[in-house]
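Structure record follows, encoded as structure tokens.
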Amino acid sequence: MITKMKINFFYILLIFVLNACTNSTKNRSDKKKKELNVKNLYNIHCEACHGMDGTKGVSGAANLKVSKMTEIQIKNTILNGNEKGMMPYKDILSSDTEIDSLVSFVKSLRN
Ligand code: HEC
571 MITKMKINFF
581 YILLIFVLNA
591 CTNSTKNRSD
601 KKKKELNVKN
611 LYNIHCEACH
621 GMDGTKGVSG
631 AANLKVSKMT
641 EIQIKNTILN
651 GNEKGMMPYK
661 DILSSDTEID
671 SLVSFVKSLR
681 N
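Okay, so the sequence shown: first residue is 571 according to our numbering, each after it adds one.
Below is the structure:
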């Protein structure tokens, strides 16, 4: 009786441990995928002027490493472009998720 309970307990524990392991690897690969995607997006839409590190400065593009914009200002810039008509990406980027991940990518270039 007691040994049977012990065995049951052991199995339950095993299931918990296995579950925790598969979950953590899944989360890690999801995160990596997201990072890859946003890099891709930035590469396609922004790299030409800003460069992968934000300092390229083609046709007067702002240095994103030293930008002091808030997240909302960055988002507005990406959506509506600036007063010179640069970067009106509203109709090009397909989702809020894409825009939000670009905003955090732009912020992550500062350090
Ligand atoms: C055609 C060239 C070009 C492309 C492509 C481009 N930008 Fe820009 N970007 C500019 C220019 C030029 C400025 C600065 C304009 C100014 O000083 O008024 C700027 C400014 C910015 C700023 C404001 C920074 C600050 O502090 O003033 C942000 C944020 C920004 N760009 C993000 C992006 C993102 C994100 C993308 C891709 C979705 C992108 N840009 C694509 C040319 C470009």
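We put the CB at the ideal spot given by N, CA and C, even for glycine.
Near ligand 1: residue i beta-carbon under 8 Å from a heavy atom
i           : result
residue 637 : yes
residue 608 : no
residue 605 : no
residue 647 : yes
residue 612 : yes
residue 676 : yes
residue 593 : no
residue 665 : no
residue 644 : yes
residue 659 : yes
residue 583 : no
residue 629 : yes
Selected residue, minimal CA-CA separation from residue i, among the options
i           : options               : result
residue 634 : 575, 669 and 673      : 673
residue 636 : 610, 680 and 579      : 680
residue 671 : 653, 661, 648 and 652 : 648
Collapsed DSSP secondary structure at residue i in the structure displayed
i           : result
residue 598 : helix
residue 671 : helix
residue 662 : coil
residue 624 : coil
residue 640 : coil
residue 635 : coil
residue 630 : helix
residue 605 : helix
Whether residue i touches residue j by CB criterion (9 Å)
i           : j           : result
residue 627 : residue 616 : no
residue 609 : residue 675 : yes
residue 645 : residue 669 : yes
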